[in-house]
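Asks: In full-length UniProt numbering, the protein residues as written are 5 to 369.
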Ligand code: NAD
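#1: What residues match up with residue 265 in a beta bridge as DSSP calls it?
#2: Comparing alpha-carbon positions, which option in 315, 205 and 356 lies nearest residue 325?
#3: When burial is assigned at 16 or more other CB atoms within 10 Å of the CB, is residue 1 buried or exposed?
#4: When you compare the CB positions of residue 139 and residue 168, do they come within less than 9 Å of one another, or not?
#5: Under 9 Å between the Cβ atoms of residue 70 and residue 62?
#6: Considering residue 297, what are the terminal residues of the alpha helix (DSSP H) in which it resides?
#7: Terminal residues of the continuous alpha helix (DSSP H) containing residue 287?
#8: On the criterion of 16 or more Cβ atoms from any shown chain inside 10 Å, does residue 109 qualify as buried, or is it exposed?
#9: Closer than 6 Å by C-beta to residue 87: which residues in its own chain qualify, once you throw out the five before and the five after it? Chain order, please.
#10: Any idea if residue 366 is buried or exposed, counting beta-carbon neighbours within 10 angstroms, 16 or more meaning buried?
#11: With a threshold of 8 Å, establish whether the CB of residue 180 neighbours any heavy atom of the ligand NAD.
#12: On the criterion of 16 or more Cβ atoms from any shown chain inside 10 Å, does residue 81 qualify as buried, or is it exposed?
#13: Is DSSP giving residue 168 helix, strand or coil here?
#14: Should residue 153 go down as buried or exposed, given a rule of 16 or more other Cβ atoms within 10 Å for buried?
#15: Say whether the segment 120-129 touches the segment 199-217, bearing in mind that this needs 3 or more beta-carbon pairs closer than 8 Å, one atom from each stretch.
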């Protein structure tokens, strides 16, 4: 990697350039569900900005993208909703060595044995589901972590999100946090549908005498499952024709959810995050079957490596492994930074170049 400028003005100029690029990519990603660069390229820019800020801490202001969760909302027209408890992002590591370093540091800070809740990192988008007396009150996107978009009106069309929970011990109020995503199968099905619609449209246009090169792409292929899920979730029913509404229903109806955290919770009666998952599962919220709890860091490393080798055997896209301290008392003791908890880390797998190239070829056809 290039050396960090030794001179403050040069460092500031570089930080400003990086920030401008990152802001543009973040806006496209969070507000329009489009990726202008790959995730790996984006992560490299963030990494570089962090390094510059580490050398010159006075550049790391509160409004730096390295200190923030997501991005402020550019409204798609949904009402805004403030989370009862803030939604955070996750810190990243990109190698097993970095992961071991984080885990050792965390174990030392904990001062007692730690059990590690290890989960697949689902490539989707975060949602908060607030339940009052067992009824869904609001469904909200993460937004900037404090305020998100209230997308409750769309949840009626997402069958996997329960409107009402059933069972013993449901608290008066709680927030479940989870990931909305498309399974690889549903992503393929949506694209097959786009191809079919485009073919029908092209036939109709040809029948009107348009030559092939004059026919526009009205139903483009979706680029990836994450952005398609994000775009689907934030669709507005307003001003849509009947045919467009039917498509919107189809897209929302295919979304999946796994719950992977809790926010505000009146009187929690459990010790571990994995216990919370068992309760949420019993009340009807979908919980990932792929999570495991381990006593040793070596077992977590083996899990990371094994899942990395079999990452395409899973029903959804994964971009890493999330490792969390299971004990909730320790969450409170370890605390959080402005953007991420100190009791969890995301290990990110290296990007898969071959796979991307194949996809590019397919898109180009
Ligand atoms: P993140 O995706 O690195 O990690 C935090 C998120 O992971 C959580 O908010 C949660 O939604 C999700 N998650 C998935 N599985 C989880 C699990 N089992 N437990 C807990 N959380 C889980 O961070 P982020 O702040 O959401 O986004 C930053 C990332 O988004 C970047 O690293 C990059 O990959 C991508 N991004 C890409 C672009 C682009 O232009 N390509 C732009 C902006 C962001």
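Using N, Cα and C, we set each Cβ at its ideal position, and we do this for glycine too.
Replies: Put simply:
#1: Start at 1 with the first residue of the chain shown, and residue 265 comes out as number 261. According to DSSP, which records beta bridges pairwise, residue 265 is partnered with 181.
#2: The sequence position of residue 325 within the chain shown is 321, counting from 1. If we check each option's Cα against that of residue 325, 315 comes out closest.
#3: Given that the chain is displayed from residue 5 to residue 369, the structure contains no residue 1 and the question cannot be resolved.
#4: Residue 139 sits at position 135 when you count from the first residue of the chain shown. Residue 168 sits at position 164 when you count from the first residue of the chain shown. In this structure, residue 168 lies closer than 9 Å to residue 139 by Cβ.
#5: Translated into the one-based positions of the chain shown, residue 70 becomes position 66. Translated into the one-based positions of the chain shown, residue 62 becomes position 58. One thing to note: residue 70 has its Cβ no nearer than 9 Å to the Cβ of residue 62.
#6: Locating residue 297 in the chain shown gives position 293, counting from the first residue. Premise fails: residue 297 lies in the beta strand (DSSP E), 296-298, not in any alpha helix (DSSP H).
#7: Mapped onto the chain shown, residue 287 falls at position 283. That run of the alpha helix (DSSP H) goes 277-287.
#8: Along the chain shown, read from residue 1 onward, the residue named residue 109 stands at position 105. By the neighbour-count rule (16 or more Cβ atoms within 10 Å), residue 109 is not buried but exposed.
#9: For the purposes of this step, residue 87 is taken as the residue at position 83 of the chain shown. Only 132 meet the Cβ criterion.
#10: For the purposes of this step, residue 366 is taken as the residue at position 362 of the chain shown. Low local confidence applies: a pLDDT of 39 at residue 366 is under 50, so the model's placement there is unreliable, and no value is given.
#11: For the purposes of this step, residue 180 is taken as residue 176 along the chain shown, with counting starting at 1. Result no, Cβ not under 8 Å from the ligand NAD.
#12: Taking the first residue of the chain shown as 1, we reach residue 81 at position 77. Under this definition residue 81 is an exposed residue.
#13: For the purposes of this step, residue 168 is taken as residue 164 along the chain shown, with counting starting at 1. Of the three classes helix, strand and coil, the one that applies to residue 168 here is strand, per DSSP.
#14: By one-based count along the chain shown, residue 153 stands at place 149. Buried, since its Cβ has 16 or more Cβ neighbours within 10 Å.
#15: no
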